[in-house]
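Engineer: Numbering (my numbering), first residue to last: 110 to 890. Cβ atoms here follow ideal geometry from the backbone N, Cα and C, with glycine treated the same way.
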Amino acid sequence: MSQPSLPVSRRVFLKTTAGAAGTIVLGFFVSSAQAAAGAGSSSPAVELPVGSAPAALSLAHFPDRLHAFVWRNWSLVPLKRIARVVGAKPADIFRLGRAMGLAGPPRISADQQRRSYLTVIKRNWHLLPYGQLLELLGWTAEQLAYTLREDDFLYVKLGNLKPRCEPLRYRPPDAAAQRREGEIARAIHAELGSLTTPREPLFSFVTALTKPPRGGTRVAPAGNLKFCYSYFALYGDPLLDTKADPHPEGYLARLAEAGVSGVWLQAVLYKLAPFPWDPRLSSGYEIRLANLSSLVSRARKHGIRVLLYLNEPRSMPLRFFAAYPQLKGVTEGDHAALCTSQVPVQQFLTESVARICRAVPELGGFFTITASENLTNCWSHGQGAKCPACAQRGPAETIAGVNRLFFEGIRQAGTKAELLAWDWGWNDAWAPEAIAKLPSGVGLQSVSEWSLTINRGGVATEVGEYSISAVGPGPRAEKHWRLARERGLRTFAKIQAGNTWELSSVPYIPAVENVARHAENLRGARVDGLMLGWTLGGYPSPNLEVVSEALKGAPAPDAMRRVAERRFGPVLAPAVVSAWHEFSLAFSEFPYHGGTLYSGPQQLGPANLLWPEPTGYQASMVGFPYDDLEAWRSVYPAHVFIQQFEKVAEGFFNALERLKAEAGRAEGSLSKAQREAFEAECRVAEASAIHFRSSANQARFVVTRRQLAAGIVKADPAVRAELERLIRDELRLARRLYQLQCSDSRLGFEASNHYFYVPLDLAEKILNCRDLLERWLSLPK
């Protein structure tokens, strides 16, 4: 059965993630013994993916790879472990770091290490082979393999490949390296002063959100379900290790105060219920259920429901089916689906959901994705015709059937848990039939802005999802909601209220008017509830508050005014609302496209390095943008892509300047709390503007670089002048964002990526820019 026109975002996402299963299961593999060569330990049963394994990128702004390794791990990994990985003494690493001007090193708590493993993996991806990476993390190969596959498609975010790195060993720096160490220290001192411990160290926001808000416990208002993901939850296996609590009391109270009445987290069925064919996979499921029950109980005190995300059944390695060939469905690479047409698989799905509901009877419910980037049911990737049983049933019946199995589990348990069937990835050709086959009592969830047509800079395209720059709902959601209501099903909208992949490295995008208008429109669309965001956007922000106000009946201007007055006081509120309006207008110029969302440089902003020659690497999904302008710009001509980012940045900077001027006139009337809230609002707005300006700079740099001949500067002086201007502006933006992040630990963070960058990455970008100015642009003409 063919797959007719999928929406743009769905097509782009599947293209981006196509290598996820393909590379993990099809690409070249390194055995765990090879991976651990010279360092670490590993199980011989585990293979870690390497893909095409191109040569790692070198970093010319450091004397060598060892210095880069020390710099990048200084603020994230204890000194003793850094030293052990490369066979050095801690004193050796201390001397090397201090020679480059690094302060400290800081004390790195166990909690910080638990919360920053993704950041550690990313910054060492081009520096260490797997064995040394395992030792740096203190992990087994099994842990890393699971994380690469299950931690929100981490291997996709890393590019579906592992750069080829030789083992890294400590060698005392020679005279040339020592001279370069001194140059680095002097450069940092000239640009930043001393690299002291940030005023607000990494993850300080967790401590702040853990504390109860002024006024104590808050209870979410009754009404439609509005649920979000924790702003700082660990994605992989959050119910097993509760030391990094994703939902502390203070945070739950703040969500309730913002009008949020639900939270969600990922569930893997074989980790929450016995897996009948290999019980070892379910080790610890009783602990997870107990922790889930505790979370549900704590959340209820705040009027907040807990929902689990089901993306099931998980595919299994082909070796699994040697013993159970009758369960095998569609094959992709070295994994195959557990065929949901088979009675034992159906029983597993139903009984697992029933077990969860019986163990946690107050659980709020589940939502499902049944046609996702994961291979689950045989039709999940549109290839069900390859399975004799599912070919007969067809995609609509198979997809609806999975949801029926889950719903039957809830019914057997006799609880009030709700089931939301999310139509993400459903093909428009069979979605109406799937909706018609859903059981009564199931709610239908649809991405609100999907299929909105937009025109940015003269380029016409359509929105898929993850957009605050476009205001929904769109025609796809409206059609599906109508079909659901005709069947008597409840309807739910999935939006991004806080932030999106348009920009996820700020806690929220202050385009608040766009969010308020979207919520106002959804009130008119008569939806029964909202999913407020995917893993991003769960910060208790003005955006979340304005959604609640709009859904209660306030027109968008009144909703914004009420929120602004609560946060900043009645004197400053009009100026803030005006700024939110201007931010929204500017953000409506964002060069939206699925390619830009997933590949663009806007998540890293000025932390993304500039390269004097093409890297040859392709941008990865919200991971490494490299210098891949073709992927960044997508359907936009390069000059339009640059122009649109410049429009957004200019609009943000101008609005912020006017807002600060108004605030100066109101200074005497603000309380301490209002002044602090205003300063925090300005930091978020300025950081957003910096990311947008840097995205334009980086794209223009690549365009201008192409005018040079293989990196040898023989071009017109105007080209050299333009490159110098861009490099200096990137240096300036990196310096300013460094200052902002040192004062606001929220900046640069997103739950499923941890920190996109830390202050030392921005300091490294300064070194990168100075190196380009002093060594690259100074080459003879």
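With a Cβ-Cβ cutoff of 8 Å, do ALA560 and GLY523 count as a contact?
Structural biologist: Inspection of the sequence shows that residue 560 is occupied by Ser rather than by Ala. Their beta carbons are not under 8 Å apart, which means SER560 does not touch GLY523 by this criterion.
Engineer: Can you tell me which of the three DSSP states GLN807 falls into?
Structural biologist: In the structure shown, GLN807 sits in a helix (DSSP, three-state: H, G or I).
Engineer: Flag this pair as yes or no: are the beta carbons of SER854 and LEU311 separated by less than 8 Å?
Structural biologist: In this structure, LEU311 lies closer than 8 Å to SER854 by Cβ.
Engineer: Straight-line CA distance for ARG323 to CYS851?
Structural biologist: 25 Å
Engineer: For PRO388, does the count of other Cβ atoms within 10 angstroms reach 16, so buried, or fall short, so exposed?
Structural biologist: With fewer than 16 other Cβ atoms inside 10 Å of its own Cβ, PRO388 counts as exposed.
Engineer: If you check the beta carbons only, do ALA728 and TRP741 fall under 8 Å apart?
Structural biologist: yes
Engineer: Please list the terminal residues of the continuous beta strand (DSSP E) segment that includes HIS444.
Structural biologist: 444-447
Engineer: Hey, quick one: how far does the beta strand (DSSP E) through THR891 stretch, first residue to last?
Structural biologist: Any property of residue 891 remains undetermined from this structure, which presents the chain solely from 110 to 890.
Engineer: Could you tell me the alpha carbon to alpha carbon distance between ARG774 and LEU768, rounded to whole angstroms?
Structural biologist: 10 Å
Engineer: Ordered along the chain, which non-local residues of its own chain (more than five positions away) have a Cβ less than 6 Å from that of ARG414?
Structural biologist: Excluding positions up to five away in sequence, the list reads GLY371 and GLY473.
Engineer: Considering only residues of the stretch 304-368, which uninterrupted alpha helix (DSSP H) runs meet the minimum length of 4 residues and lie entirely inside it, listed in chain order?
Structural biologist: If we require 4 residues or more, the alpha helix (DSSP H) runs fully inside the stretch 304-368 come out as 313-319 and 358-366.
Engineer: Does the beta carbon of LYS495 fall short of 7 Å from some heavy atom of the ligand ADP?
Structural biologist: Summarising the ligand content, the structure contains no ligands, and the ligand ADP is consequently not present.
Engineer: Does the Cβ of PRO92 have 16 or more other Cβ atoms within 10 Å, making it buried, or fewer, making it exposed?
Structural biologist: The chain is shown only over 110 to 890; residue 92 falls outside these bounds and no answer can be derived.
Engineer: Count the other CB atoms within 10 Å of the CB of ASN862; is the residue buried (16 or more) or exposed (fewer)?
Structural biologist: buried
Engineer: Starting from the Cα of ALA625, find the closest Cα among SER693, TRP610 and PHE430 and give me that residue.
Structural biologist: SER693
Engineer: Starting from PHE478, trace the beta strand (DSSP E) both ways and give me its first and last residue.
Structural biologist: According to the sequence displayed, residue 478 carries Ile and not Phe. Run containing ILE478: 474-478, per the beta strand (DSSP E) assignment.
Engineer: With PHE787 and PHE677 assumed to form a contact (beta carbons below 8 Å), what rounded beta-carbon distance in angstroms separates them?
Structural biologist: Confirmed, Cβ separation roughly 5 Å.
Engineer: Please go through the same chain and pick out, in chain order, the residues whose beta-carbon is closer than 6 Å to the beta-carbon of ASP737, but skip the five residues on each side of it.
Structural biologist: GLN727 and ALA728
Engineer: Could you please give the first and the last residue of the uninterrupted beta strand (DSSP E) stretch that includes SER693?
Structural biologist: According to the DSSP assignment, SER693 belongs to no beta strand (DSSP E) but to the alpha helix (DSSP H) extending over 665-696.
Engineer: What number of angstroms, rounded off, separates the C-alpha of THR609 from the C-alpha of LEU645?
Structural biologist: 7 Å
Engineer: Considering only residues of the same chain and omitting the five flanking positions on each side of LEU713, which have a CB-CB separation below 7 Å?
Structural biologist: PRO734, PHE865 and TYR866
Engineer: With DSSP run on the structure shown, which of helix, strand or coil describes PHE138?
Structural biologist: Confidence at PHE138 is low in this model, with a pLDDT of 35, below 50, so its placement is unreliable and the value that follows should be read with caution. DSSP places PHE138 in strand when its eight states are reduced to three.
Engineer: With three or more beta-carbon pairs closer than 8 Å as the criterion, would you say the stretch 189-209 touches the stretch 236-246?
Structural biologist: Flag = yes, the stretch 189-209 and the stretch 236-246 touch.
Engineer: Mark ALA805 as exposed unless 16 or more other C-beta atoms lie within 10 angstroms of its C-beta, in which case mark it buried.
Structural biologist: Buried is the call here.
Engineer: Pick out whichever of SER339, TRP535 and ALA782 has its Cα sitting closest to the Cα of ARG585.
Structural biologist: TRP535
Engineer: Counting along the chain, where does the beta strand (DSSP E) carrying TYR418 start and finish?
Structural biologist: 414-419
Engineer: Between the alpha carbons of PHE810 and GLY732, how many angstroms are there, rounded?
Structural biologist: So the alpha carbons of these two residues sit roughly 20 Å apart.
Engineer: Tell me, to the nearest whole angstrom, how far the beta carbon of VAL369 is from that of GLY566; I am working on the premise that it is less than 8 Å.
Structural biologist: That belief does not hold up - the Cβ atoms of VAL369 and GLY566 are roughly 35 Å apart, past 8 Å.
Engineer: Tell me where the beta strand (DSSP E) around VAL439 begins and ends.
Structural biologist: Counting along the chain, the beta strand (DSSP E) containing VAL439 begins and ends at 437-441.
Engineer: Between the stretch 281-298 and the stretch 872-885, are three or more C-beta pairs nearer than 8 Å?
Structural biologist: yes
Engineer: Output needed for LEU236: all residues of its chain with C-beta closer than 8 Å, excluding positions within five of it in sequence on either side, in chain order.
Structural biologist: ALA165, ARG174, ALA177, PHE178, ARG181, CYS274 and LEU277
Engineer: Go ahead and pull the three-state DSSP assignment for ALA602.
Structural biologist: It is a strand residue.
Engineer: Output yes or no for whether 8 Å exceeds the beta carbon distance between ALA362 and LEU417.
Structural biologist: no
Engineer: In the DSSP output, what is LEU381 paired with across the bridge?
Structural biologist: Looking at the DSSP assignment, LEU381 forms no beta bridge with any residue, so it has no partner.
Engineer: In chain order, what residues of the same chain have a beta carbon less than 8 Å from the beta carbon of TYR701, not counting five sequence neighbours either side?
Structural biologist: ILE563, ARG565, THR570, VAL572, SER576, SER578, ALA579 and GLU611
Engineer: Is it buried or exposed, ALA130, if we count other Cβ atoms within 10 angstroms and call 16 or more buried?
Structural biologist: Confidence at ALA130 is low in this model, with a pLDDT of 36, below 50, so the placement of that residue should be treated as unreliable; the coordinate-derived value is given next. Per the 10 Å Cβ criterion, buried.
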